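Below is one structure, written out as C-alpha cells; the observations come after it.
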Amino acid sequence: MRLFQLCISAFAAASLLSACGGGSDDDSNNQPPYQLNVKKVEGRYHNNRSASATEVKSAADFAAPQAAVISLPALDTEALIMKAAASGGALQVAQAQSVPQAQTAAQFAQLLAWRSDAQGNSSAAVRINATDAFGLRLGLVVDALPDAATVRVFREASSSQDAVGYEISGQAINSLIQTNADAGDTTQAGKTWWSADLGGDSVVLQITLPAGVSSDAVKVALPIVSNLFRDASEYAFEQADAEVLNTEPLLSLSTANSAAKAESIPSAGSCNLDVNCFTQGTDQKNAVARMLFISGGNGYFCTGTLLNDAINSNTPYFLTANHCISTQAEASSLQTDWFFHSASCNSSLLDSRSVKLTNGARLLFTNNLTQGNDMTLLVLNSAAPAGTYLAGWDANQNNDSQLVYGIHQPNGSLAKISGGFTAAYANCTATNCVPTNNGNGRFYQVGWTEGVTQGGSSGSALFTRNNNYVIGTLFGGASSCTAQSLPDYYGRFDQAFESGIKRFLAWSRVPF
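Per the UniProt record's numbering, the very first residue in the sequence shown carries number 1; after that it's consecutive.
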C-alpha cells in the first residue's frame with residue numbers, strides 16, 4: 001500500500017512570509033500597509049516557489065529501535081460511532097484515550113532508555129499499541145525539548161502494511177508551541193504537539209539528541225493519544241440507497257482521468273457525486289482539502305478551501321468553519337490531505353498527486369454564531385503543494401437566488417460536488433436556521449438539485465455557478481440521501497470579509 005506523500009517542514013513564524021512567496025524588495029514595503037478597495041478576486045493556480053516537501057520515508061529509513069511498550073485497551077467503537085453520528089457539527093473520527101504510564105514528564109522519562117551511537121548521538125523510543133485502533137495521533141506535552149532534537153514517528157511493517165514514517169525537528173515543534181502561547185494559550189492543550197496519523201494500531205515515537213546534548217533537557221509527557229475509531233476503508237456515515245433527483249443538471253459531465261494509487265478511503269452516501277465526473281469545478285477542486293484536526297483530544301473531519309488574495313502573494317490562506325477550528329491549538333493540530341480526489345470519474349482509487357501536510361496552521365480570523373456566521377480563516381504553516389489552486393472570491397453582497405455548487409469531502413471521502421441554488425437568506429442558531437427576506441441575514445439557504453452534503457463537509461466553500469467565486473462556507477443543514485430536498489446553510493463570506501477577513505485578503509501587503 002502506498003501512502004500519501006507527507007510534507008514536513010520546519011515552521012518559524014518569522015519566516016512564513018518568504019515561505020509563502022509573499023513580499024518583495026521594492027520600497028513599498030517601507031510604507032504602512034493599507035486596505036485595498038477590492039471586493040472581488042479571481043482564482044489562479046499557486047506558484048509554489050518555495051515548497052518544502054519530503055516524501056514518506058521507506059522501511060529502510062526507520063530501523064526498529066529498542067523501545068518501551070505502552071499497550072492501550074480497545075475503545076467501545078460502536079458506542080462512539082453512534083454518539084458521533086448524533087452530535088452534528090464536525091464529524092468525529094477519533095477519541096481521546098488516556099495513557100496512564102506517561103501522564104507526567106517524570107513518568108515518561110522513566111520509559112526512555114537512552115542509547116548512544118558511535119557518533120555520540122543518543123536516542124530513546126516508546127512504542128504505543130492500541131487494540132483495534134485504525135490510526136493514532138500522539139499528544140506530546142512539551143515542557144522542554146532541545147531545538148536540536150529530532151523526533152521520529154513511524155509505523156513498522158506488518159503483514160498488511162508497509163513501514164512508513166517521518167521526522168520533525170525540536171525547533172519546529174517548539175515553534176508550534178510558541179505560536180499557541182503567543183495566541184494566549186498556555187494550557188496543556190497549548191503545550192501539546194500532535195503527531196500525524198499514519199494509520200494502523202501501533203506507532204513508534206523516537207527522540208534523538210545530537211552529541212553534547214543531555215537527555216535531562218527533554219521534559220515531555222504523553223498523557224493522551226487520539227485513537228481513530230472509524231475504519232477508513234469500511235465505515236460510512238450514511239449508506240442510504242437513494243436516487244439522484246431527476247432534474248436538468250446544473251453541472252456538466254466530464255471524462256477527466258488521472259493516474260491512480262490504492263488507498264483506504266471512507267465511503268460517502270450513495271447520492272453524493274464524484275467531482276471528477278463534472279467539468280464544473282475543474283480548477284476549484286484543487287483548492288479543496290480534507291481536514292483532520294484535534295479538539296479536546298478528539299479527532300474530527302472537516303473541509304477547507306485555499307483562497308487567493310488581492311496581491312497574488314501565494315500565501316496559503318485557508319477558509320473553513322468556526323465550528324471546525326476556533327482556537328490556535330486546534331489550528332496547530334491540523335493535517336490536510338490535498339488532491340484527495342478519485343483517479344477518474346467514479347473510481348475508488350486515489351489521485352496519484354495526493355499529498356498530506358501535517359505542520360498545522362495559524363489562526364487569523366474566526367467568528368462564531370453569536371459574533372457572525374461561523375467562519376474561520378487560517379494560514380497554513382507550510383507552503384501549499386505544487387499544483388494547488390487559490391480560489392477566487394466575491395465579497396459583495398450576492399443575491400439570494402442564483403445557481404451555486406459546493407466541493408467537499410463528505411464523511412472524509414474522496415471529493416464530491418453538489419449543485420443547486422440559493423433560495424433565501426437565513427439566520428441560524430446552534431439548533432436551527434430560519435429563512436428571512438432581510439438582506440442582513442447571516443447565512444444562505446441552499447437547495448440541492450444534485451448531490452447533498454454530510455458529516456465531514458462542514459467548512460467547505462460555496463461557489464457561484466457562473467464565475468466560480470467563493471461566497472460562503474458550510475455551517476450545516478438537513479440534506480441527506482433520504483431527504484435531498486431539505487436545505488443546507490452557508491455562512492456569508494461578504495459579512496465575514498467586512499468583519500475582519502479583508503485585513504488579510506485585501507491588504508496592500510501580507511500583514512505578518
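Here a beta-carbon is modelled for each residue, glycine too, at the ideal position from N, C-alpha and C. Quick caveat: nothing in here was measured; it's all calculated off a predicted structure.
query = What are the uninterrupted segments assigned as alpha helix (DSSP H) that are 4 or more residues long and contained completely in the stretch 388–431, given in chain order?
reply = none
Nearest neighbour of P487, chosen from T104, F504, G420 [CA to CA] = G420
message = Just verifying my parser: in three-state terms, what is the DSSP assignment at N437?
response = coil
ask   = Roughly how many angstroms separate the alpha carbons of S295 and I224, rounded to a whole number?
value = 12 Å
ask   = If you pair each beta-carbon of the stretch 337–356 with each one of the stretch 467–479, do three or more pairs fall below 8 Å?
value = no
ask   = Exposed or buried, P210, counting other C-beta atoms within 10 Å across all chains shown (16 or more means buried)?
value = exposed
query = In terms of DSSP beta bridges, what is E450 paired with?
reply = G419
task = List the DSSP bridge partners of Y469.
result = Paired residue(s): none; Y469 is not in a bridge.
message = Whole angstroms are fine: how far does the CA of L357 sit from the CA of V510?
response = 22 Å
request  = Check whether the stretch 385–396 touches the stretch 481–500, taking contact to mean three or more Cβ pairs, one atom from each stretch, closer than 8 Å.
outcome  = yes
ask   = Helix, strand or coil for E167 per DSSP?
value = strand
query = Should N438 be labelled buried (16 or more other beta-carbon atoms within 10 Å of its own) or exposed?
reply = exposed
ask   = In whole angstroms, what separates the C-alpha of G447 from that of T482?
value = 14 Å
request  = Indicate whether T208 and A149 have their beta-carbon atoms separated by less than 8 Å.
outcome  = yes
key: Residues bridged to Y444 (per DSSP)   = Y425, Y490
task = List the residues that DSSP assigns as beta-bridge partners of G304.
result = A289
message = Measuring alpha carbon to alpha carbon, tell me which residue in T453, V379, Q371, T429 is nearest N411.
response = T453
ask   = At what residues does the beta strand (DSSP E) containing F318 begin and finish?
value = 317–320
Buried/exposed call for Q284, threshold 16 Cβ in 10 Å = buried
Classification of A201 by the beta-carbon crowding that lies within 10 angstroms, buried from 16 upward = According to the sequence as given, residue 201 is Asp; it is not Ala. Burial call: buried.
key: Of the residues N373, A102, D309, N37, the one placed nearest I70, counting alpha carbons only   = A102
request  = Could you check if T473 is buried or exposed, using at least 16 other CB atoms within 10 Å of its CB as the buried criterion?
outcome  = buried
inquiry  = Counting only C-beta atoms, is L80 closer than 8 Å to chain B at any point?
reply    = The structure shown contains no chain B; it is built from a single protein chain.
query = In terms of alpha-carbon separation, which member of R465, N398, K416 lies closest to G441?
reply = N398
inquiry  = My output table needs one value for S457: the three-state DSSP class, helix, strand or coil.
reply    = coil
For G372, three-class secondary structure by DSSP = coil
ask   = DSSP beta-bridge partners for D274?
value = K416
ask   = Are the stretch 172–182 and the stretch 125–135 in contact at 8 Å, needing three or more beta carbon pairs?
value = no
ask   = Between the C-alpha atoms of F301 and V355, what's the straight-line distance to the nearest angstrom?
value = 16 Å
task = Measure the Cβ-Cβ separation of residue 516 and L378 and say whether it is below 8 Å.
result = Lying outside 1 to 512, the shown extent of the chain, residue 516 is not represented and no answer is given.
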